[in-house]
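**Student:**
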Amino acid sequence: MNPAVAVNDAGVEAPLLEWRELRDYRDLLALLVWREMYLRYRHTLIGVGWSFLNPLMTMAVFGLIVPNLVSRQQLAEYTRGVPYPLYVFCGLVPWNCFAHALTRATTCLVDQKALLKNVYFPRLALPLSKVIAACADLLIAFAALLALMFFARTAPSLNLVFLPLFLLPLLAAATGAGLILSVLQLRYRDVFFLMQFFMQMGLLVTPVWFPLEALPPALRWLVACNPMTGVVQGFRWAALKAPAPSVSVLAVSSAAAAVLLLAGLLFFRKRQETIADYV
Amino acid sequence: MFERQIAIRCRNVSKCFRRDDGDPYQGLRSKLSGLVNPWARNREPSAGSIVWALRDISFAIPAGGVFGVLGANGSGKSVLLRILARVTKPVSGRAEVLGSVGSILDLGGMLLPELTGKETIYQLGTILRCPRETIVRRFDDIVEFAGIGPHLHSIVRGYSAGTQVRLAFAVMVYLDADVVLLDEALSVADQDFRRRCLERIREMAAQGRTIVLVSHELEMMAEVCDQALVLDKGELKMFGEAQSVISEYRRWVPAPLGTTMRTGNLK
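See below:
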């Protein structure tokens, strides 16, 4: 067997996405995901339970306040009969996944100094492992949603088969934003705080707790530019038979997610080569 | 197989760092003020000073041997190893390494203190890109070499610092990488472990593997290395057969065992 030559050439530019290399490193990726899950919940009493307790409490808060702001009739019309707390919880499932993924991804390079300084691996694997770990949380929260639906006697709809489709823009947006934030955080430590602020704002401007249809059209388009808008609406349509997102809203929102992914890969491409110099 | 092939080749490798003097926003600010006011572009010095860590380094070493890297602190040894390990990219030039590369440039830094010794061996093996079968096959050798037999199932946090280093080192030298990069790996090892490490390193070299060692301990380096190079302020000062390079280097740095002597008066 003729061994491969590992080349480190200043003049050779890396492709946008080294898919094959990433696949070769899937063992390492699995290890990083495992470490992330393990480190997150070790020494906790409730452990994995946090991934559905968190949305449960948020749901309780919104469920207590928002129904007092509109007439019961109006609310039922918007949610097409879905109980409002369920409506919120279902939106929180993808939103929390997104928020978790970004929070973890932002510090993932800064935190892995030893690994980055010691060995070569496709740097993309680190932020990606955080996004994948967040998706594992999403699965647990989704199981909790099914349990809630059972108690609320809401039958899951057949639209459920389309649910994985709405994971794609979620993954794209989280990965893209995670790539940009993790690199920026290396040099500018304010990024983490800025990101936390944006996550707080993000929950308020994503139709997790309000129906998009309740907004005036001009504002609706602005909110549609949020990559998570299509995901949240799609999730709710697939799981609860809530009103389907309009095709144009879905298109705008998914396009935003795709742009974010592309921007992330472009931003990461050149900068990933010298990450070890900055950690 | 590839005994006389070139294992490592550097062609005009240079590397520099931009020093921001503790203010990461300096560069951003000068860029922004340049955008707003083009005249300001020349006024603010461009984002700190540039420090050259390596300048135009070229050399080639054949496979199957121990290669020593010598030089004072800050001479660029670690940066050179980082470039060989592909951890960072040179600003110009090209480095080539033949075959699989195993690098521990900062021993012990990668261990998770919460894991048991056994889990650590598997995780380090995975991080070093070793197929699972090889880890399984080599497992007993690693445990024996590190001498952690009785503590295999207790967590690494409870190990002494020296034992943690031994564990990482044992994984490193038993996982069959074609090229092994070791930066100051043996500085904390005790006499007995060091002797066994050197024996193992010679054994690996005899198998056709290439080991790159960074160390300040000239006695040891003279004993174990086949070839060596000396770096001084990022420049390649000497390169060649280890015995002659090291005796030349000794004359050049008069202090015994290469303790931190500056090179200012040596030109």
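These protein sequences, in sequence, are chains A and B.
The first sequence maps to residues 637 to 915 in the numbering used here.
The second sequence maps to residues 692 to 958 in the numbering used here.
All C-beta atoms, glycine included, are put in the ideal place defined by N, C-alpha and C.
All values reported here derive from a predicted model rather than from experimental measurement.
For Gln696(B), tell me which candidate among Val788(B), Glu939(B), Val879(B) has the shortest Cα-Cα distance.
**Tutor:** Comparing Cα-Cα distances from Gln696(B) to each of Val788(B), Glu939(B), Val879(B), the minimum goes to Val788(B).
**Student:** Could you tell me which chain B residues have their CB closer than 9 angstroms to the CB of Val643(A), listed as they occur along the chain?
**Tutor:** Within 9 angstroms Cβ-Cβ: Arg777, Arg785, Ala786, Glu787, Val788.
**Student:** With 16 other CB atoms within 10 Å as the buried threshold, where does Phe846(A) fall?
**Tutor:** Counting Cβ neighbours within 10 Å, Phe846(A) comes out buried, since at least 16 surround it.
**Student:** Measure the CB-CB distance between Thr811(A) and Gly900(A) and report whether it falls below 8 angstroms.
**Tutor:** Contact: yes.
**Student:** Would you kindly work out how many angstroms separate the C-alpha atoms of Ile911(A) and Asp645(A), rounded to a whole number?
**Tutor:** The straight-line gap from Cα to Cα measures roughly 16 angstroms.
**Student:** By the 10 Å Cβ neighbour count, where 16 or more other Cβ atoms means buried, how is Cys888(B) classified, buried or exposed?
**Tutor:** Classification for Cys888(B): buried.
**Student:** Since Val885(A) meets chain B, which of its residues come closer than 9 angstroms, beta carbon to beta carbon?
**Tutor:** By Cβ distance, chain B contributes nothing, its closest Cβ being about 35 angstroms from Val885(A), past 9 angstroms.
**Student:** Since Pro792(A) and Ala875(A) are thought to touch, with beta carbons under 8 angstroms apart, how far apart are those beta carbons, to the nearest angstrom?
**Tutor:** Their Cβ separation, rounded to whole angstroms, is 6 angstroms, which keeps Pro792(A) and Ala875(A) in contact under 8 angstroms.
**Student:** Using DSSP with H/G/I as helix, E/B as strand and the rest coil, what is Gln814(B)?
**Tutor:** It is helical.
**Student:** Closer than 8 angstroms, Cβ to Cβ, to anything on chain B: give me those residues from the stretch 737-753 of chain A, in chain order.
**Tutor:** Those residues of the stretch 737-753 of chain A that come within reach of chain B (Cβ to Cβ, closer than 8 angstroms) are Lys749, Ala750, Leu751, Leu752, Lys753.
**Student:** Using the rule of at least 16 other Cβ atoms within 10 Å of the residue's Cβ for burial, across every protein chain shown, is Arg773(B) buried or exposed?
**Tutor:** It is buried - the Cβ of Arg773(B) has at least 16 other Cβ atoms within 10 Å.
**Student:** Helix, strand or coil: which one does DSSP assign to Val755(A)?
**Tutor:** Residue state, collapsed to three classes: coil.
**Student:** Excluding the five sequence neighbours on either side, which residues of its own chain have a C-beta within less than 8 angstroms of the C-beta of Val643(A), listed in chain order?
**Tutor:** Here the set comprises nothing.
**Student:** Tell me where the beta strand (DSSP E) around Cys771(A) begins and ends.
**Tutor:** No beta strand (DSSP E) contains Cys771(A), which is instead part of the alpha helix (DSSP H) from 761-787.
**Student:** Could you pull the DSSP bridge partners for Asp923(B) from this structure?
**Tutor:** Paired residues: Glu926(B).
**Student:** Would you say the stretch 818-837 of chain B touches the stretch 765-784 of chain A, given that touching needs at least three Cβ pairs under 8 angstroms?
**Tutor:** The stretch 818-837 of chain B vs the stretch 765-784 of chain A: no contact.
**Student:** By a C-beta neighbour count over all protein chains shown, 10 Å radius and 16 as the cutoff for buried, is Trp655(A) buried or exposed?
**Tutor:** Burial call: exposed.
**Student:** Report yes if the CB atom of Cys916(B) is closer than 8 angstroms to the CB atom of Phe758(B), and no otherwise.
**Tutor:** In this structure, Phe758(B) lies closer than 8 angstroms to Cys916(B) by Cβ.
**Student:** Under the three-state reduction of DSSP, which class applies to Ala737(A): helix, strand or coil?
**Tutor:** Of the three classes helix, strand and coil, the one that applies to Ala737(A) here is helix, per DSSP.
**Student:** At a CB-CB cut-off below 8 angstroms, which residues of chain B make contact with Glu909(A)?
**Tutor:** Ordered by position in chain B, the residues that pass the 8 angstroms Cβ test against Glu909(A) are Thr779, Lys780.
**Student:** Which runs of the alpha helix (DSSP H) fall wholly inside the stretch 815-855 of chain B and span at least 4 residues, in chain order?
**Tutor:** The qualifying runs are 823-837.
**Student:** Counting only Cβ-Cβ distances shorter than 7 angstroms, please list the residues of the stretch 654-669 of chain A near chain B, keeping chain order.
**Tutor:** Residues Asp663, Leu664, Leu667.
**Student:** In the structure shown, what three-state DSSP assignment does Gln908(A) receive?
**Tutor:** Here Gln908(A) sits in helix by DSSP.
**Student:** Along chain A, which residues have their Cβ under 9 angstroms away from the Cβ of Glu875(B)?
**Tutor:** Those within 9 angstroms of Glu875(B) in chain A number zero; the least Cβ separation is about 13 angstroms.
**Student:** Under DSSP, the alpha helix (DSSP H) around Lys768(B) begins and ends at which residues?
**Tutor:** Counting along the chain, the alpha helix (DSSP H) containing Lys768(B) begins and ends at 768-775.
**Student:** Can you check the stretch 867-913 of chain A for any alpha helix (DSSP H) of at least 4 residues that lies completely inside it and give the ranges in chain order?
**Tutor:** Here the runs fully enclosed are 883-907.
**Student:** Cα separation between Leu873(B) and Leu745(A)?
**Tutor:** Whole-angstrom Cα-Cα distance: 23 angstroms.
**Student:** Can you confirm whether Val755(A), when its beta carbon is compared against all beta carbons of chain B, has any partner nearer than 8 angstroms?
**Tutor:** Closer than 8 angstroms to some Cβ of chain B, the Cβ of Val755(A) qualifies, so yes.
**Student:** Figure out for me which residue from Ser749(B), Ser740(B), Glu805(B) has the closest Cα to the Cα of Arg671(A).
**Tutor:** Measuring from the Cα of Arg671(A), the nearest candidate turns out to be Glu805(B).
**Student:** Need the endpoints of the alpha helix (DSSP H) that Thr694(A) sits in, please.
**Tutor:** 686-701 is the extent of the alpha helix (DSSP H) around Thr694(A).
**Student:** How long is the line joining the alpha carbons of Cys861(A) and Leu866(B), rounded to whole angstroms?
**Tutor:** Straight-line Cα distance between these residues: approximately 50 angstroms.
**Student:** Do Ile826(B) and Ile846(B) have their C-beta atoms within less than 8 angstroms of each other?
**Tutor:** No, the Cβ-Cβ distance between Ile826(B) and Ile846(B) is not below 8 angstroms.
**Student:** Is the stretch 714-722 of chain A touching the stretch 744-760 of chain A, taking contact as three or more C-beta pairs under 8 angstroms?
**Tutor:** Too few Cβ pairs lie closer than 8 angstroms, so no.
**Student:** Compute the distance between the beta-carbons of Gly960(B) and Ala896(B), then report whether it is under 8 angstroms.
**Tutor:** Residue 960(B) cannot be examined here, being either before or after the span of chain B that is shown, 692 to 958.
**Student:** Give me the chain B residues within the contact set of Arg823(A), using Cβ-Cβ distance strictly less than 7 angstroms, ordered along the chain.
**Tutor:** The contacting residues are Pro715.
**Student:** Let's test the definition: count the other Cβ atoms within 10 Å of the Cβ of Ala892(A) and tell me whether it reaches 16, buried, or not, exposed.
**Tutor:** The residue in question, Ala892(A), is buried, as its Cβ has 16 or more Cβ neighbours within 10 Å.
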